[in-house]
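S.K.: For the sequence shown, position 179 (counting from the first letter as 1) is numbered 179 according to this note's numbering, and the numbering increases by one without interruption. Don't be surprised by glycine CBs; every beta carbon is placed ideally from N, CA and C. From a predicted model like this one, the values you see are computed outputs, not experimental measurements. Just passing along the structure, written as structure tokens.
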Amino acid sequence: MADSISSGLAIRARGLTKDFGHVVAVNNLDLDVPRSRIYGFLGPNGSGKSTSIRMLCGLLTPTHGAIRVLGLEIPRQAEQLRRKVGYMTQKFSLFEDLTVTENLNFIANIYTLTRAEQKIRIPEAMERYELGRLTRQRAGTLSGGQKQRLALAAATLHQPELLFLDEPTSAVDPENRRAFWESLFDLVGEGTTILVSTHYMDEAERCHALAILDLGVLVAAGSPDQLSAGIDAAVIVVQSREPRKVSRFLDHQAIVHSTAQIGNILRVMVDRDVPDAAEFLKKAVSEAGLPVDHCEKVHPSLEDVFVAATQARKAARDKKE
Ligand SMILES: Nc1ncnc2c1ncn2[C@@H]1O[C@H](COP(=O)(O)OP(=O)(O)O)[C@@H](O)[C@H]1O
Ligand SMILES: [Mg+2]
Numbered sequence: 001m002a003d004s005i006s007s008g009l010a011i012r013a014r015g016l017t018k019d020f021g022h023v024v025a026v027n028n029l030d031l032d033v034p035r036s037r038i039y040g041f042l043g044p045n046g047s048g049k050s051t052s053i054r055m056l057c058g059l060l061t062p063t064h065g066a067i068r069v070l071g072l073e074i075p076r077q078a079e080q081l082r083r084k085v086g087y088m089t090q091k092f093s094l095f096e097d098l099t100v101t102e103n104l105n106f107i108a109n110i111y112t113l114t115r116a117e118q119k120i121r122i123p124e125a126m127e128r129y130e131l132g133r134l135t136r137q138r139a140g141t142l143s144g145g146q147k148q149r150l151a152l153a154a155a156t157l158h159q160p161e162l163l164f165l166d167e168p169t170s171a172v173d174p175e176n177r178r179a180f181w182e183s184l185f186d187l188v189g190e191g192t193t194i195l196v197s198t199h200y201m202d203e204a205e206r207c208h209a210l211a212i213l214d215l216g217v218l219v220a221a222g223s224p225d226q227l228s229a230g231i232d233a234a235v236i237v238v239q240s241r242e243p244r245k246v247s248r249f250l251d252h253q254a255i256v257h258s259t260a261q262i263g264n265i266l267r268v269m270v271d272r273d274v275p276d277a278a279e280f281l282k283k284a285v286s287e288a289g290l291p292v293d294h295c296e297k298v299h300p301s302l303e304d305v306f307v308a309a310t311q312a313r314k315a316a317r318d319k320k321e
């Protein structure tokens with residue numbers, strides 16, 4: 001395998017696979033994560049995000065495949081990797097009965113920070129993640145957003161080169177999610193590489209690049225723009241006073257892959273090679289005696305990419321059965 005340091009990659013995985021009995025949680029995953037970027041794993045529950053992350057940070061042995069992280073071969077050199085990475089899970093993994101300060105002291109000892117390092121880094125982390133007023137509060141009594149800030153402070157106390165964040169924002173409100181992402185961009189600005197899993201489309205849009213996972217398989221990868229450009233469908237927005245009826249009608253049209261309703265607007269995915277698809281749909285809907293106010297081809301969103309990619313896989317599976 002080419003040296004991942006010289007190629008500028010923080011993570012390189014090939015054929016990464018994990019079976020749990022009959023369940024293939026991660027299926028032949030190839031992954032290239034560049035340094036000093038935010039790389040996303042986007043996928044629904046059970047798509048293999050956590051299992052992949054646990055293998056990449058050396059906590060779980062793959063059934064097959066080769067992994068290189070920060071130039072180290074994983075899991076063989078996992079011990080050497082430990083101090084170079086941070087890992088934060090959805091449940092935040094804090095010591096609920098310890099105070100904020102005690103949590104950070106405890107973590108600092110686990111990472112074997114020297115006393116001198118602790119004296120500088122712990123107050124720095126308190127300041128940076130706005131924990132100063134909470135030092136003596138037990139972690140178990142903190143709000144979701146406060147727990148999240150403490151967990152991020154703990155995961156970055158040893159200044160890791162690479163940070164694994166497994167659905168770090170699932171348990172917090174939108175305002176805290178926004179602030180959390182600002183912190184992530186600060187870390188990236190300082191050179192940290194971040195791999196973050198999410199099932200939120202708006203978070204996926206913020207990543208420099210991402211991998212879309214579905215049932216353990218990587219279905220698409222690239223920057224949000226590359227993914228939108230590469231979608232194997234066109235997206236037409238249809239506005240109507242009778243969106244349910246129009247939706248039911250469109251679902252039976254040969255060129256239509258799927259429809260999704262957002263308020264009074266339908267997002268319709270159609271064959272990419274149909275010329276003037278918006279005009280075509282508008283005419284078809286009118287001729288069926290249904291009201292249609294507006295029809296327009298739009299730029300695909302990541303959600304469209306996700307839907308198109310998972311539908312294509314489902315169609316292929318159904319065909320096989
Ligand atoms: N320890 C385990 N034993 C058996 N099955 C597991 C285990 N961990 C995960 N799985 C299964 O592997 C699949 C992927 O799970 P996971 O990686 O947790 O997905 P995600 O994090 O995307 O929700 C799921 O079908 C899950 O039930
Ligand atoms: Mg998970």
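Would DSSP call residue 302 helix, strand or coil?
M.R.: Helix.
S.K.: May I have all residues whose beta carbon comes closer than 6 Å to any heavy atom of ligand 4, sorted in chain order?
M.R.: Annotation note on ligand 4: not contained in the displayed structure, which lists ligand 1 and ligand 2 as its ligands.
S.K.: Count the other CB atoms, across all protein chains shown, that sit within 10 Å of the CB of residue 229; report buried if there are 16 or more and exposed otherwise.
M.R.: Exposed.
S.K.: Do residue 246 and residue 285 come within 8 Å of each other at the CB atom, strictly closer than that value?
M.R.: Taking 8 Å as the Cβ cut-off, residue 285 and residue 246 qualify as a contacting pair.
S.K.: Quick one: what's got a C-beta closer than 6 Å to residue 19's C-beta in the same chain, skipping five residues either side?
M.R.: 63, listed in sequence order.
S.K.: Which residue marks the beginning of the alpha helix (DSSP H) containing residue 283, and which one marks its end?
M.R.: Per DSSP, residue 283 belongs to the alpha helix (DSSP H) from 277-287.
S.K.: Say the cut is 7 Å; is the CB of residue 203 nearer than that to a heavy atom of ligand 2?
M.R.: Residue 203 Cβ: outside cutoff for every heavy atom of ligand 2.
S.K.: State the DSSP-derived secondary structure class of residue 90, mapped to helix, strand or coil.
M.R.: Reduced to three states, the DSSP call for residue 90 is coil.
S.K.: Say the cut is 7 Å; is the CB of residue 166 nearer than that to a heavy atom of ligand 2?
M.R.: Yes, ligand 2 has a heavy atom inside 7 Å of this Cβ.
S.K.: I'd like the list of long-range same chain contacts for residue 255, defined as Cβ closer than 6 Å, with 5 residues on each side in sequence excluded.
M.R.: Correct list, in chain order: 270, 271, 274.
S.K.: Do you know how far the Cα of residue 293 is from the Cα of residue 36?
M.R.: About 46 Å.
S.K.: Taking 8 Å as the cut-off, decide whether the C-beta atoms of residue 239 and residue 262 are in contact.
M.R.: Not a contact, by the Cβ cut-off of 8 Å.
S.K.: Three or more beta-carbon pairs under 8 Å between the region 194-202 and the region 167-177, yes or no?
M.R.: A contact exists between the region 194-202 and the region 167-177.
S.K.: Looking at C-alpha atoms only, which residue of 82, 59, 60 is the closest neighbour of residue 70?
M.R.: Considering only alpha carbons, the answer is 82.
S.K.: Looking at C-beta atoms only, is the number of pairs between the region 42-59 and the region 206-225 that lie closer than 8 Å three or more?
M.R.: Counting Cβ pairs under 8 Å, three or more are found: they touch.
S.K.: For residue 232, I'd like the list of residues in its chain whose CB is within less than 8 Å of its CB, leaving aside the five on either flank, ordered along the chain.
M.R.: Result list for residue 232: 272, 308, 312, in chain order.
S.K.: How many Å lie between residue 295 and residue 149 at the Cα?
M.R.: Distance between the alpha carbons of residue 295 and residue 149: 45 Å.
S.K.: Run through DSSP, which three-state label would residue 307 get?
M.R.: Here residue 307 sits in helix by DSSP.
S.K.: Taking the alpha-carbon positions, what's the residue 9 to residue 135 distance?
M.R.: Spanning the two alpha carbons is a distance of roughly 38 Å.
S.K.: For the putative contact between residue 67 and residue 16, defined by C-beta atoms under 8 Å, what is the C-beta separation to the nearest angstrom?
M.R.: That belief holds up - the Cβ atoms of residue 67 and residue 16 are roughly 6 Å apart, short of 8 Å.
S.K.: Exposed or buried, which one is residue 79 when buried takes at least 16 other CB atoms within 10 Å?
M.R.: Its Cβ having fewer than 16 others within 10 Å, residue 79 is exposed.
S.K.: Using the three-state DSSP reduction, which class does residue 27 fall into: helix, strand or coil?
M.R.: Strand, per DSSP.
S.K.: Using the three-state DSSP reduction, which class does residue 253 fall into: helix, strand or coil?
M.R.: In this structure, residue 253 counts as coil in the three-state DSSP scheme.
S.K.: Which residue comes first and which comes last in the alpha helix (DSSP H) that contains residue 149?
M.R.: 144-156 is the extent of the alpha helix (DSSP H) around residue 149.
S.K.: Taking the beta strand (DSSP E) that residue 180 belongs to, which residues open and close that run?
M.R.: Not the beta strand (DSSP E): residue 180 falls in the alpha helix (DSSP H), residues 174-189.
S.K.: Helix, strand or coil for residue 114, going by three-state DSSP, please let me know.
M.R.: Here residue 114 sits in coil by DSSP.
S.K.: Evaluate the contact criterion for the region 139-157 versus the region 81-95: three or more CB pairs, one atom per stretch, below 8 Å.
M.R.: Touching, per the Cβ criterion.
S.K.: Could you tell me which residues DSSP puts in a beta bridge with residue 234?
M.R.: The partner list for residue 234 (beta bridge, DSSP) reads 270.
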